[in-house]
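Its first residue numbered 1, the sequence shown is counted upward by one per residue in UniProt numbering. Report on the following structure.
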Amino acid sequence: MNELNNEDKSMPDNNRNISPKDTRRPRRNTGWYILLPFLAAALVQNLVAVFASQILVVDQAIHFEGGSYADFIRSSFERMQGQAFTSLTLLVYAFICVIWFGIWYRREFLLTQKPARDYRCLVRQYKHWSWMLIPGILLFILGAQYLSTYIMNTLAALVPQWMAEYQGILRSSGLDDIQTSLPMILYAVCLGPVCEELCFRGLTMSYARRVGGFWMANILQALLFGFFHMNMLQGTMAFLLGLALGYVKEKSQNLTLVILLHMAFNATSAFIPGLVISADNPVSYFVCLFGGLIAAYAGLELLVRGSSPRIVEVE
């Protein structure tokens with residue numbers, strides 16, 4: 001028995017030099033877990049839409065007065081395509097996913113880490129650059145708005161049907177007049193960004209990082225994020241935004257910061273449409289485009305420096 005104990009003590013401790021960031025619950029076949037958050041979000045969204053449609057049809061049947069069956073079906077579909085139905089359905093979907101994905105992310109990726117002050121490690125949090133977050137957010141949002149506007153206009157000119165499809169979706173869902181709908185504001189600016197960041201930069205990217213490098217994980221989560229928007233124009237813009245947000249998430253290890261960036265981007269898109277100055281000629285177009293690139297890059301650098309992750313010194 002003493003010999004066995006001596007052998008156990010002499011064996012190397014593989015966990016001795018593992019930082020809190022690298023200590024994760026072991027998983028088998030985690031590759032297919034990457035798609036689970038995306039599929040879960042799509043499932044919840046469709047189930048909520050179906051359930052809400054059934055409630056609307058029952059309510060329509062109770063309050064429908066006269067007319068034919070065709071009139072009943074037509075009026076029901078008109079209500080389903082209205083802003084009130086769309087916004088309330090999206091709110092319910094986002095609320096469910098925020099709770100579900102929040103618990104999921106916490107149990108899978110937060111509770112499985114070692115405490116920041118593990119007895120094997122000396123952990124220090126540097127906050128010298130925290131003042132950079134404010135100019136970083138402002139520059140990133142300004143640059144991202146310029147880039148998204150000009151890229152969207154370029155894509156619309158090259159593929160007009162993409163813009164027509166996108167505008168049709170906005171009109172049918174009531175998103176073209178978001179300022180007049182409180183539920184849509186709550187979804188687009190508050191619950192929606194939290195839901196999407198937990199799903200894509202939180203769960204999807206974290207699962208992908210378990211089986212691959214950063215760029216593989218970042219491109220994969222951005223592709224799924226773009227595909228989730230279900231139209232080519234908005235999906236392309238979502239893919240590019242997802243790449244930038246994934247970069248911030250990787251460098252800062254701070255999902256809260258990424259959520260705030262997403263909220264700020266959506267808020268400026270909805271309430272400050274005049275933020276982007278239109279270009280009247282090719283020279284001003286490329287000047288604005290180049291300026292947007294510089295602003296977005298400078299904002300990203302300030303955000304990364306202002307939210308540096310924990311520095312772990314292993315004893």
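Built from N, CA and C at the ideal position, the CB exists for glycine as well. Please read all numbers here as calculations on a predicted model, not as lab measurements.
Taking 8 Å as the threshold, find out whether the segment 187-201 comes into contact with the segment 254-263 through three or more Cβ pairs. As far as the Cβ criterion goes, the segment 187-201 touches the segment 254-263, which means the pair count is three or higher.
Can you give me the C-alpha to C-alpha distance between GLY235 and HIS229, rounded to a whole angstrom? As a working note, residue 235 is residue 235 in the sequence shown. As a working note, residue 229 is residue 229 in the sequence shown. Computed Cα separation, rounded: 5 Å.
Nearest-angstrom Cα distance between PHE64 and PHE72? As a working mapping, residue 64 is identified with position 64 in the sequence shown. As a working mapping, residue 72 is identified with position 72 in the sequence shown. Computed Cα separation, rounded: 7 Å.
May I ask you to report which of helix, strand or coil DSSP gives GLU250? Within the sequence shown, numbered from 1, the residue matching residue 250 stands at position 250. Note: GLU250 maps to helix in three-state DSSP.
To the nearest angstrom, how far is the alpha carbon of ARG210 from that of PHE290? Residue numbering aside, residue 210 sits at position 210 when the sequence shown is read from its first letter. Residue numbering aside, residue 290 sits at position 290 when the sequence shown is read from its first letter. Taking the CA atoms as reference points, ARG210 sits about 36 Å from PHE290.
Tell me whether THR204 is buried or exposed, calling it buried when 16 or more other Cβ atoms sit within 10 Å of its Cβ. What you label residue 204 is simply residue 204 of the sequence shown in a count that begins at 1. By the 10 Å Cβ count, THR204 comes out buried.
Cα-Cα separation, MET132 to ILE141: Working through the sequence shown from its first residue, we reach residue 132 at position 132. Working through the sequence shown from its first residue, we reach residue 141 at position 141. Using only the alpha carbons, I get a separation of about 14 Å.
Hey, ILE96 and VAL48: beta-carbon distance below 9 Å or not? For the purposes of this step, residue 96 is identified with residue 96 of the sequence shown, where counting begins at 1. For the purposes of this step, residue 48 is identified with residue 48 of the sequence shown, where counting begins at 1. Against a cut-off of 9 Å, the Cβ pair of VAL48 and ILE96 comes out as a contact.
In this structure, does DSSP put ASN231 in helix, strand or coil? On the sequence shown, position 231 is the one that residue 231 refers to. In this structure, ASN231 counts as coil in the three-state DSSP scheme.
Are the beta-carbon atoms belonging to ASN266 and ALA188 less than 9 Å from one another? One-based indexing of the sequence shown puts residue 266 at position 266. One-based indexing of the sequence shown puts residue 188 at position 188. Contact flag set, yes.
Specify, as a first and last residue, the run of the alpha helix (DSSP H) that THR204 falls within. Sequence index remark: in the sequence shown, residue 204 carries index 204 (1-based). Boundaries for THR204: no alpha helix (DSSP H) harbours it, and the DSSP string shows neither H nor E there.
In three-state DSSP terms, what is ILE55? In the sequence shown, counting from the first residue as 1, residue 55 sits at position 55. It is helical.
Counting only the same chain and skipping the five closest in sequence on each side, list residues whose C-beta sits under 8 Å from that of ARG79. Here the question's residue 79 lines up with position 79 in the sequence shown. Around ARG79: LEU56, GLN60 and PHE85.
CA-CA distance, ALA40 and LYS251? Taking the sequence shown and counting its residues from 1, the one referred to as residue 40 is at position 40. Taking the sequence shown and counting its residues from 1, the one referred to as residue 251 is at position 251. Answer to the nearest angstrom: the Cα atoms are 27 Å apart.
Relative to the alpha-carbon of GLY246, which residue among SER206, THR268, MET232 and MET263 has its alpha-carbon at the smallest distance? The residue labelled residue 246 in the question sits at position 246 within the sequence shown. Of all alpha-carbon atoms in SER206, THR268, MET232 and MET263, the one lying nearest the alpha-carbon of GLY246 is that of SER206.
Does DSSP put HIS128 in a helix, in a strand, or in coil? By one-based count along the sequence shown, residue 128 stands at place 128. Only weak support is given to the placement of HIS128: the predicted model assigns it a pLDDT of 44, under 50, and the value that follows is read from those uncertain coordinates. In the structure shown, HIS128 sits in coil (DSSP, three-state: anything other than H, G, I, E or B).
Could you give the C-beta distance for SER87 and MET184, rounded to a whole number, given that I count them as a contact under 8 Å? Here residue 87 corresponds to residue number 87 of the sequence shown, with the count starting at 1. Here residue 184 corresponds to residue number 184 of the sequence shown, with the count starting at 1. Taking the Cβ atoms as the reference, SER87 lies roughly 4 Å from MET184, within the contact range of under 8 Å.
To the nearest angstrom, how far is the alpha carbon of GLN31 from that of ALA208? Within the sequence shown, residue 31 is the residue found at index 31, counting from 1. Within the sequence shown, residue 208 is the residue found at index 208, counting from 1. What sits at residue 31 in the sequence shown is Gly, not Gln. Straight-line Cα distance between these residues: approximately 7 Å.
Can you tell me whether SER284 is buried or exposed, with buried defined as 16 or more other CB within 10 angstroms of its CB? As a working note, residue 284 is residue 284 in the sequence shown. By the beta-carbon neighbour count (other beta carbons within 10 angstroms, threshold 16), SER284 is exposed.
Using 9 Å as the threshold, is the C-beta distance between LEU300 and ALA244 below it? Residue numbering aside, residue 300 sits at position 300 when the sequence shown is read from its first letter. Residue numbering aside, residue 244 sits at position 244 when the sequence shown is read from its first letter. Less than 9 Å divides the Cβ of LEU300 from the Cβ of ALA244.
By a C-beta neighbour count over all protein chains shown, 10 Å radius and 16 as the cutoff for buried, is PHE225 buried or exposed? On the sequence shown, position 225 is the one that residue 225 refers to. Buried, by the Cβ-count rule.
Since MET237 and SER148 are thought to touch, with beta carbons under 8 Å apart, how far apart are those beta carbons, to the nearest angstrom? As a first step, residue 237 must be located in the sequence shown, where it is residue number 237. As a first step, residue 148 must be located in the sequence shown, where it is residue number 148. Indeed they touch by this definition, with Cβ atoms about 5 Å apart.
Would a C-beta distance cut-off of 9 Å place GLY136 and ALA298 closer than the cut-off? Within the sequence shown, the letter at position 136 stands for residue 136. Within the sequence shown, the letter at position 298 stands for residue 298. The answer is yes: Cβ separation under 9 Å.
Buried or exposed for ALA144, please, with buried defined as at least 16 other CB atoms from any protein chain shown within 10 angstroms of its CB. The residue given as residue 144 occupies position 144 in the sequence shown. Result: buried.
Assigned exposure category for ILE34 - 16 Cβ within 10 Å defines buried: Working through the sequence shown from its first residue, we reach residue 34 at position 34. Counting of Cβ neighbours within 10 angstroms places ILE34 among the buried residues, the total reaching 16 or more.
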